[in-house]
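Visitor:
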Amino acid sequence: MTDDRFDAGGLKEIFEEASSELFPSMKPKTWDPLSASQIELLEKNGNRSGDWSNVRIAPGSELFTVEDCRFDGEVRLALIPSSIAGATGPHPLLRDSILENMEVGPGCRIVSVGLLSGFLLESDVTVENCGRVTYATGTACGCGIRLELGVETGERTVRSFTLLHTALADILSKGCRSELLGVYGEFLNRLMARLTARPRGLIRNGSLLRGTSLIENCFIGPFCRIENATAVRNSSLLGDSARGSSVTDGALVRDSILQWGALVDSLAIV
Numbered sequence: 003m004t005d006d007r008f009d010a011g012g013l014k015e016i017f018e019e020a021s022s023e024l025f026p027s028m029k030p031k032t033w034d035p036l037s038a039s040q041i042e043l044l045e046k047n048g049n050r051s052g053d054w055s056n057v058r059i060a061p062g063s064e065l066f067t068v069e070d071c072r073f074d075g076e077v078r079l080a081l082i083p084s085s086i087a088g089a090t091g092p093h094p095l096l097r098d099s100i101l102e103n104m105e106v107g108p109g110c111r112i113v114s115v116g117l118l119s120g121f122l123l124e125s126d127v128t129v130e131n132c133g134r135v136t137y138a139t140g141t142a143c144g145c146g147i148r149l150e151l152g153v154e155t156g157e158r159t160v161r162s163f164t165l166l167h168t169a170l171a172d173i174l175s176k177g178c179r180s181e182l183l184g185v186y187g188e189f190l191n192r193l194m195a196r197l198t199a200r201p202r203g204l205i206r207n208g209s210l211l212r213g214t215s216l217i218e219n220c221f222i223g224p225f226c227r228i229e230n231a232t233a234v235r236n237s238s239l240l241g242d243s244a245r246g247s248s249v250t251d252g253a254l255v256r257d258s259i260l261q262w263g264a265l266v267d268s269l270a271i272v
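Count along the sequence shown from 1, then add 2; that gives the number in our numbering.
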């Protein structure tokens with residue numbers, strides 16, 4: 003679809019692409035309860051939980067790299083190496099952190115995190131030296147923000163979503179936009195209904211979160227980076243193996259969408 007041929011069918015394709023980005027298909031997982039000997043090992047290594055029956059692990063998980071952690075609510079841990087291009091990746095590491103209502107995929111590294119809550123981590127995600135990294139059901143991760151395009155009095159307002167780009171925003175904000183804008187609104191409302199109903203936030207493969215005091219209610223795509231930022235709130239970061247978006251060096255991002263390769267740094271506020 004070219005930028006000058008937007009119609010209902012084209013909008014449907016764009017929103018289907020957005021859905022596949024925000025809601026990737028995942029294979030069902032098997033989770034085993036902890037045995038008495040596994041609980042004993044975890045406690046010996048300084049780990050604790052108010053109810054160990056709420057902590058389950060993937061088959062084949064090894065617990066020797068889990069130290070000084072606390073597990074609250076339902077926690078699911080795949081404590082197995084990831085597979086990268088057919089090769090075995092690094093073994094997961096959990097140390098000196100609080101995990102609450104979490105699902106952690108293979109090869110993840112979680113070190114010195116004050117609270118990691120409400121997320122599903124895919125594989126090879128690093129969360130290190132962070133304060134609060136939390137997600138609450140009901141957020142739209144920066145989608146639905148009203149953008150005042152062209153004029154500030156509201157006649158050309160367009161609500162944001164992850165794959166909105168300049169050409170589409172231009173058409174949606176023109177005077178002859180009423181029919182297409184209605185279709186756009188219908189698709190966006192469906193997407194936001196799925197987002198706000200999501201039980202857990204998502205941090206996708208290969209992402210790095212380090213040295214940041216607050217990351218709240220965000221979608222973080224593959225190979226994105228948040229490092230030494232002030233805070234990131236109610237936002238979506240998109241990325242892939244070549245173009246992960248980044249927030250670094252004291253930057254503050256809230257109510258925003260960063261598309262592939264975007265960089266916010268040097269105390270910037272977005």
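Just so it is clear, CB atoms sit at the ideal spot from N, CA and C, and this is done for glycine as well.
(1) Let me know the secondary structure DSSP gives VAL135 once reduced to three states.
(2) Can you confirm whether SER51, when its beta carbon is compared against all beta carbons of chain C, has any partner nearer than 8 angstroms?
(3) Between the stretch 34-52 and the stretch 70-87, do at least 3 Cβ pairs fall closer than 8 angstroms?
(4) Per DSSP, which one or two residues make a beta bridge with THR159?
(5) Three or more beta-carbon pairs under 8 angstroms between the stretch 15-30 and the stretch 192-212, yes or no?
(6) Name the residue from GLY252, SER258, GLN261 and LEU260 whose alpha carbon lies nearest to the alpha carbon of ALA270.
(7) Jot down the residue ranges of each uninterrupted beta strand (DSSP E) in the stretch 151-235, minimum 3 residues, whole runs only, in chain order.
(8) Please identify the residue among ARG245, SER248 and LEU240 whose C-alpha is closest to the C-alpha of ALA20.
(9) So, using beta-carbon positions, are THR101 and LEU65 closer together than 8 angstroms?
(10) Which same chain residues, not among the five before or five after LEU265, have their C-beta less than 6 angstroms away from its C-beta?
(11) My assumption, with CB atoms under 8 angstroms, is that ARG134 sits in contact with LEU149. Please give the rounded CB distance.
(12) So, helix, strand or coil for MET3, using DSSP?
(13) Any idea if ASN191 is buried or exposed, counting beta-carbon neighbours within 10 angstroms, 16 or more meaning buried?
(14) Kindly indicate the opening and closing residues of the alpha helix (DSSP H) around SER21.
(15) Which same chain residues, not among the five before or five after SER84, have their C-beta less than 7 angstroms away from its C-beta?
(16) DSSP on ILE41, reduced to helix/strand/coil?
(17) If you run the structure through DSSP and keep just helix, strand and coil, what is SER55?
(18) Work out the CA separation of ALA38 and LEU260 for me, nearest whole Å.
(19) Please classify SER55 as buried or exposed, where buried requires at least 16 other C-beta atoms within 10 Å of its C-beta.
(20) Give me the Cα-Cα distance between PHE121 and VAL129, rounded to the nearest whole angstrom.
(21) Less than 8 angstroms between C-beta atoms, sequence neighbours within five positions excluded: which residues of the same chain meet that for THR4?
(22) Could you tell me the boundaries of the beta strand (DSSP E) in which ASP98 lies?
(23) Just to confirm the assignment, what range does the beta strand (DSSP E) spanning ARG78 have?
(24) Can you find the residues in the same chain that come closer than 8 angstroms, C-beta to C-beta, to GLY187, ignoring five residues on each side of it along the sequence?
(25) Would you mind working out which of ARG111, ASP172 and ASN103 sits nearest SER119, comparing C-alpha positions?
(26) Taking C-beta to C-beta, are VAL113 and ALA80 nearer than 8 angstroms?
(27) Evaluate ARG196 with the Cβ neighbour count: other Cβ atoms within 10 Å of its Cβ, from every protein chain shown; 16 or more gives buried, anything less gives exposed.
(28) Between ARG158 and THR168, what straight-line distance do the alpha-carbon atoms span, to the nearest angstrom?
Guide: To lay it out plainly:
(1) Residue mapping note: residue 135 aligns to position 133 of the sequence shown, counting from 1. VAL135: strand per DSSP, three-state reduction.
(2) In summary, chain C is missing from the structure at hand, where a single protein chain is found.
(3) The stretch 34-52 makes contact with the stretch 70-87, as at least three CB pairs between them are under 8 angstroms.
(4) As a position in the sequence shown, residue 159 is number 157, starting the count at 1. BP columns for THR159 point to GLU150.
(5) yes
(6) In the sequence shown, counting from the first residue as 1, residue 270 sits at position 268. Closest option to ALA270, Cα to Cα, is GLY252.
(7) Complete beta strand (DSSP E) runs here, min 3: 159-161, 203-205, 210-212, 216-218, 227-229 and 233-235.
(8) As a first step, residue 20 is located in the sequence shown; it is residue number 18 there, counting from the start. The option with the nearest alpha carbon to ALA20 is LEU240.
(9) Taking the first residue of the sequence shown as position 1, residue 101 is located at position 99. Taking the first residue of the sequence shown as position 1, residue 65 is located at position 63. According to the sequence displayed, residue 101 carries Leu and not Thr. No. Outside cutoff.
(10) Position 263 of the sequence shown, counting from 1, holds the residue named residue 265. Excluding residues within five positions, the ones whose Cβ falls inside 6 angstroms are SER248.
(11) Walking along the sequence shown from the start, residue 134 turns up at place 132. Walking along the sequence shown from the start, residue 149 turns up at place 147. At roughly 28 angstroms, the Cβ-Cβ gap does not stay under 8 angstroms, so ARG134 and LEU149 are not in contact.
(12) Mapped onto the sequence shown, residue 3 falls at position 1. Because MET3 carries a pLDDT of 41, less than 50, the predicted location of this residue cannot be relied on, and the following value inherits that uncertainty. In the three-state DSSP reduction, MET3 falls in the coil class, being neither helix nor strand.
(13) The sequence position of residue 191 within the sequence shown is 189, counting from 1. ASN191 is exposed by the Cβ-count criterion.
(14) Counting from one through the sequence shown, the residue named residue 21 turns up at place 19. Note, SER21: alpha helix (DSSP H), 10-24.
(15) Taking the first residue of the sequence shown as 1, we reach residue 84 at position 82. Contacts found: GLY91, PRO108, GLY109, SER125 and ASP126.
(16) Against the sequence shown, residue 41 aligns to sequence position 39. Helix, per DSSP.
(17) The sequence position of residue 55 within the sequence shown is 53, counting from 1. Three-state DSSP puts SER55 in a helix.
(18) Taking the sequence shown and counting its residues from 1, the one referred to as residue 260 is at position 258. Taking the sequence shown and counting its residues from 1, the one referred to as residue 38 is at position 36. Counting only the Cα atoms, ALA38 lies some 45 angstroms from LEU260.
(19) Residue 55 sits at position 53 when you count from the first residue of the sequence shown. The residue is exposed, with fewer than 16 neighbouring Cβ atoms inside 10 Å.
(20) Counted from its first residue, the sequence shown places residue 121 at position 119. Counted from its first residue, the sequence shown places residue 129 at position 127. Each residue's alpha carbon lies about 12 angstroms from the other.
(21) Position 2 of the sequence shown, counting from 1, holds the residue named residue 4. Note that THR4 has pLDDT 44, beneath the 50 cutoff, so the model's placement of it is unreliable and the number below is only indicative. Hits under 8 angstroms: none found.
(22) Position 96 of the sequence shown, counted from the first residue, corresponds to residue 98. Counted as a single uninterrupted DSSP element, the stretch harbouring ASP98 is not any beta strand (DSSP E), since DSSP gives it neither H nor E.
(23) Residue mapping note: residue 78 aligns to position 76 of the sequence shown, counting from 1. Its beta strand (DSSP E) spans residues 77-79.
(24) Your numbering for residue 187 matches position 185 in the sequence shown. Taken in chain order, the residues that qualify are ARG161.
(25) Taking the first residue of the sequence shown as position 1, residue 119 is located at position 117. The shortest Cα separation from SER119 among ARG111, ASP172 and ASN103 belongs to ASN103.
(26) Looking up residue 113 in the sequence shown gives position 111. Looking up residue 80 in the sequence shown gives position 78. Cβ distance not < 8 angstroms, so VAL113 and ALA80 don't count as in contact.
(27) Taking the first residue of the sequence shown as position 1, residue 196 is located at position 194. With fewer than 16 Cβ atoms within 10 Å of its Cβ, ARG196 is classed as exposed.
(28) By 1-based counting over the sequence shown, the position of residue 158 is 156. By 1-based counting over the sequence shown, the position of residue 168 is 166. Rounded to the nearest angstrom, the gap between the Cα atoms of ARG158 and THR168 is 14 angstroms.
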